[in-house]
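**Q** Quick note on numbering: the numbering used here labels position 60 of the sequence shown as 966, and the sequence is numbered without any gaps.
Cβ atoms here follow ideal geometry from the backbone N, Cα and C, with glycine treated the same way.
All of these numbers come straight from a predicted model, not from anything done at the bench.
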Amino acid sequence: MKITLLGSLGNINQHTIPRLVTDGHEVTVVTSSSERVAAIEALGAKAAVGQMEDVDFLTKTFTGQDLVYLMIAMSGTPNEKAVEERAAIYSQAIKDSGVKQVVNLSSVGAQTPEAGILYQYHHMEDALDAVETSTVSHIRPVGFYTNLFAQLETIKSQGKIFDAISPETKRAWVATEDIADAVYARIKALLSDEEVSKSQYVLSDFASGQEWLAALAENGVQADYVKISVDQQIQGMLKAGLPKEIAEGFGQMSRIQEQPDRLYEEITAGNYHQGKVKITDFAKIFAAAVKAN
């Protein structure tokens, strides 16, 4: 089968590309950098170099493919307008190329406006769902473990974690390799003409801030958890130079995270992929980064 993947050699594709190649598929990887061509080819895939904003390039690349894997690949934090524009480009390329099977990397929060900045992913889902000639399946990861690296600087400099989420609140976390497993499984299912759900959540573990501190302590990293208000979080982001729209979107995301029953209410036994990497596993990786020079 012929498969095209967006996302170049990112954390998810690094795990997905070798498995698809080993399975005997003809894999094309879209990248914006010619410098990555050699590394892509070393994995047994073909490279297509071009820009994600170029609908003609994407249409040409997608034409003749059995399945396309999509993700929002942008520098910096995407804003709603940028996501909406990218959604129009991707959906047009899918329609014009005639691709029949699509796996789209979305996010938890795409299902509700209460999710703040995460809700912008609904633009991509809605645009792709409107392409009647394609079967589209959305993968919705929860919070990435790697987001916790934002705490690295204050742990090193002050021995503290500043967060707008209460330390007692349970949050869902996911490792990128577990997302890759879910993407790979969904690609295999679609290519085998299996019936799949419109969307599938992916999570590795549930953990509160207190449990995160305990996991760090087991690996020799001591830190205090400082609960700040959402308004303080927003003001800190504004001072750091983030646009008001994005800062307020992150603030609203924090508000709904304090209501896990609302944010995760669609995650049921039948519609999520259970990952293998636990919070204690990631704590070892994080602790190594703290101790590194």
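Among 1061, 987 and 1071, which one has its Cα closest to the Cα of residue 1115?
**A** Checked all of 1061, 987 and 1071; the closest Cα to residue 1115 is 1071.
**Q** Can you tell me which of 1051, 972 and 936 puts its alpha carbon nearest to the alpha carbon of residue 1097?
**A** Checking every option, the nearest Cα to that of residue 1097 belongs to 972.
**Q** Looking at the structure shown, is residue 1177 part of a helix, part of a strand, or coil, going by DSSP?
**A** The answer is coil: DSSP assigns residue 1177 none of H, G, I, E or B.
**Q** What span of residues does the alpha helix (DSSP H) with residue 1089 cover, start to end?
**A** Where residue 1089 is concerned, the enclosing alpha helix (DSSP H) stretches over 1082-1097.
**Q** Using a threshold of 8 Å, state whether the C-beta atoms of residue 1058 and residue 1011 are closer than that.
**A** No; because the gap between Cβ atoms is not below 8 Å, this pair is not in contact.
**Q** In this structure, how does DSSP classify residue 1125 when only helix, strand and coil are distinguished?
**A** Coil, per DSSP.
**Q** Given that a residue counts as buried once 16 or more other Cβ atoms are within 10 Å of its Cβ, and exposed if not, what is residue 1033?
**A** Residue 1033 should be labelled buried.
**Q** Identify which residue in 955, 1154, 928 and 1167 has its Cα closest to the Cα of residue 940.
**A** It is 955 whose Cα lies nearest to the Cα of residue 940.
**Q** With a cut-off of 8 Å on the beta carbons, I'd call residue 1129 and residue 1066 a contact; round off their distance for me.
**A** Their Cβ separation, rounded to whole angstroms, is 6 Å, which keeps residue 1129 and residue 1066 in contact under 8 Å.
**Q** Buried or exposed for residue 1042, please, with buried defined as at least 16 other CB atoms from any protein chain shown within 10 angstroms of its CB.
**A** Flag for residue 1042 reads buried.
**Q** Could you tell me the boundaries of the alpha helix (DSSP H) in which residue 1029 lies?
**A** Note, residue 1029: alpha helix (DSSP H), 1027-1035.
**Q** First and last residue of the beta strand (DSSP E) that includes residue 1068?
**A** Per DSSP, residue 1068 belongs to the beta strand (DSSP E) from 1066-1069.
**Q** Where do the ends of the alpha helix (DSSP H) carrying residue 1055 lie?
**A** Where residue 1055 is concerned, there is no enclosing alpha helix (DSSP H), given that its DSSP letter is neither H nor E.
**Q** Do residue 946 and residue 912 have their CB atoms nearer than 8 Å?
**A** No, they are not a contact pair.
**Q** Using the C-alpha atoms, what's the distance from residue 1037 back to residue 1176?
**A** Distance between the alpha carbons of residue 1176 and residue 1037 is about 26 Å.
**Q** Please return the same chain residues whose Cβ sits closer than 8 Å to the Cβ of residue 1149, not counting the five positions on each side in sequence.
**A** Answer for residue 1149: 985, listed in chain order.
**Q** If I measure Cβ to Cβ from residue 1112 and keep anything under 6 Å in the same chain, skipping five residues before and after, which residues do I get?
**A** Excluding positions up to five away in sequence, the list reads 1076 and 1078.
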